[in-house]
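The sequence shown begins at 1 in UniProt numbering and counts up one residue at a time.
Structure first, then comments.
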Amino acid sequence: MNTLIFYRDWIACPSCDRLHIRPRLLPGHVALCKSCGTRLTGRCMYGTALPLALCLTALVGWIIAMTLPFIAIGFGGQHQTISLPSAVIILTQHNMLPLAIFTGLLLIAAPLISILLLIYLLFFLYHKTKPPFYRFMLKAFSRIRFWDMTDVYLISIIVVLVKAMHMADIQLLHGFWAFCIQVFFIRFSFLVIPVRDMWQRLSRPGLNPAPLPGKRAIATGLVPCHTCTRIHKTGQKRCTRCASPLHNRIPQSINRTFALTITAFILYIPANLYPIMITENLGTTIYSTIIGGVILLWETKAYAVASIVFFASVFIPLAKLLALLYLTGSVYFRKKNYPNDLTKIYKITEFIGKWSMVDVFVVATLAAMIQMGSLATIQPGIAATAFAAMVVITLFAAETFDPRLLWDSTPQGKNNEQS
1 MNTLIFYRDW IACPSCDRLH IRPRLLPGHV ALCKSCGTRL TGRCMYGTAL PLALCLTALV
61 GWIIAMTLPF IAIGFGGQHQ TISLPSAVII LTQHNMLPLA IFTGLLLIAA PLISILLLIY
121 LLFFLYHKTK PPFYRFMLKA FSRIRFWDMT DVYLISIIVV LVKAMHMADI QLLHGFWAFC
181 IQVFFIRFSF LVIPVRDMWQ RLSRPGLNPA PLPGKRAIAT GLVPCHTCTR IHKTGQKRCT
241 RCASPLHNRI PQSINRTFAL TITAFILYIP ANLYPIMITE NLGTTIYSTI IGGVILLWET
301 KAYAVASIVF FASVFIPLAK LLALLYLTGS VYFRKKNYPN DLTKIYKITE FIGKWSMVDV
361 FVVATLAAMI QMGSLATIQP GIAATAFAAM VVITLFAAET FDPRLLWDST PQGKNNEQS
């Protein structure tokens with residue numbers, strides 16, 4: 001019978017695979033990788049009580065935001081108020097199912113599930129007991145919080161106000177301000193208690209072997225769990241803490257990332273060539289592309305909003321696709337590039353990806369708000385679905401890329417193994 005072996009006092013950098021001794025941190029301090037600067041672990045300054053209070057406040061904000069009117073619009077003597085749930089219903093009723101799904105999942109379901117899971121975990125941690133089903137709950141939270149895009153939606157609301165101000169009177173209501181409270185408090189709770197810190201609190205004691213500072217895990221016969229970072233001997237099939245499958249590197253990382261990136265590139269073309277929004281106003285039909293919307297905002301002297309839309313909907317998606325191709329090419333052709341710089345490019349690419357959803361949420365909000373029959377209606381164009389699909393696929397592409405591959409065949413990586 002094989003003995004399960006893991007190493008609690010070591011931590012491997014998820015970006016470059018360098019091994020470190022897990023430091024004993026003071027409250028509010030974080031540990032960074034000595035090779036690439038990636039954040040390894042941290043210790044919450046406020047214990048568990050403050051994050052739990054933040055999450056409960058965010059939950060109250062979510063409930064209020066979902067029940068009270070969000071936005072009021074007046075046009076041609078007609079007045080209408082909508083909430084986020086009613087916006088999803090309106091989109092569904094007008095055969096805009098893809099936008100309804102994106103809005104419902106990313107702005108309503110994902111935030112609620114993230115808040116509830118975090119409250120559940122923090123409640124037991126506050127009472128210093130291990131939660132039932134903690135493995136499943138913490139793994140689910142790690143995945144689902146990634147799809148909470150409420151912060152992106154706040155930027156979208158600013159764009160909506162600027163775009164619609166010339167054709168309608170718009171007023172932000174109590175539901176919107178409750179939504180802002182929800183976004184602020186849940187984001188703050190994510191910052192003060194990192195997921196890796198929660199895994200560490202829930203772990204049991206492990207072996208304490210002699211340290212091997214500076215070496216890479218793959219060179220010493222060790223494999224870190226990609227989900228919870230616990231280190232095991234190579235050859236073990238599943239993590240002893242979270243039960244996730246163990247791999248030295250993400251399986252088929254380059255092939256999967258390349259295939260997803262090419263798919264996103266294909267979708268990027270119709271997303272920019274075809275109309276993203278169709279406006280009918282008193283019998284006049286206007287077809288708006290992404291670039292056309294940027295030009296219109298610029299011509300109306302909304303320079304700041306035009307810049308936001310341009311960077312979020314044109315520059316960032318293209319830059320991310322090119323960056324992913326460059327990163328996969330660097331690994332595939334084993335170029336002797338500087339892995340530290342490439343790792344920074346990957347981190348930026350991973351962070352900025354979701355902000356491209358700004359234009360999708362703008363179209364979804366306007367389409368839900370402005371459905372006034374012959375007076376004015378807004379419908380999403382074919383580009384809206386293509387663009388949303390492109391953004392989601394690039395998010396998956398970044399997730400499947402393993403940045404440790406950038407270090408495997410470079411002199412810097414080999415030097416770390418020999419240090």
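Even for Gly, the Cβ is constructed at its ideal location relative to N, Cα and C.
- Only exposed fits L26, as fewer than 16 other CB atoms lie within 10 angstroms of its CB.
- In the pairwise beta carbon analysis, the region 29-48 is classified as not touching the region 141-159: fewer than three pairs are separated by under 8 Å.
- DSSP lists R216 as the beta-bridge partner residues of R18.
- Shortest Cα-Cα distance from P270 to any of V314, A304, E280, A259 involves V314.
- Selection T227, P85, T365 evaluated against G104 yields P85 as nearest (Cα-Cα).
- A residue is called buried when at least 16 other Cβ atoms come within 10 angstroms of its Cβ; R334 does not meet this threshold and is exposed.
- In the structure shown, the three-state DSSP call for M45 is coil.
- Under a 10 Å Cβ-count criterion, M45 is classified as exposed, with fewer than 16 other Cβ atoms of the shown protein chains found around its own Cβ.
- Of the residues D151, V391, Q371, L375, the one whose Cα lies closest to the Cα of T81 is Q371.
- By the criterion of at least three beta-carbon pairs nearer than 8 Å, the region 104-119 is in contact with the region 58-72.
- Around the beta carbon of H166, a 10 Å sphere encloses fewer than 16 other beta carbons of the protein chains shown; the residue is thus reported as exposed.
- Per DSSP, reduced to three states, the secondary structure at L68 is coil, with no helix or strand assignment.
- Counting only runs that start and end inside the region 307-362, the alpha helix (DSSP H) elements of at least 4 residues fall at 316-332, 339-352.
- Contact annotation: the region 129-142 does not touch the region 95-102, with fewer than three C-beta pairs closer than 8 Å.
- Here DSSP, grouped into helix, strand and coil, assigns K233 to strand.
- Look at Y126 here: in three-state DSSP terms it is helix.
- Between the alpha carbons of F124 and C55 lies a distance of about 14 Å.
- For L222, the pairing in a beta bridge is given by DSSP as K233.
- In this structure, S253 is the residue among K301, S253, L267, A367 with its C-alpha nearest to the C-alpha of L327.
- Counting only residues of its own chain and dropping the five nearest sequence neighbours on each side, T263 has a CB closer than 6 Å to the CB of I393.
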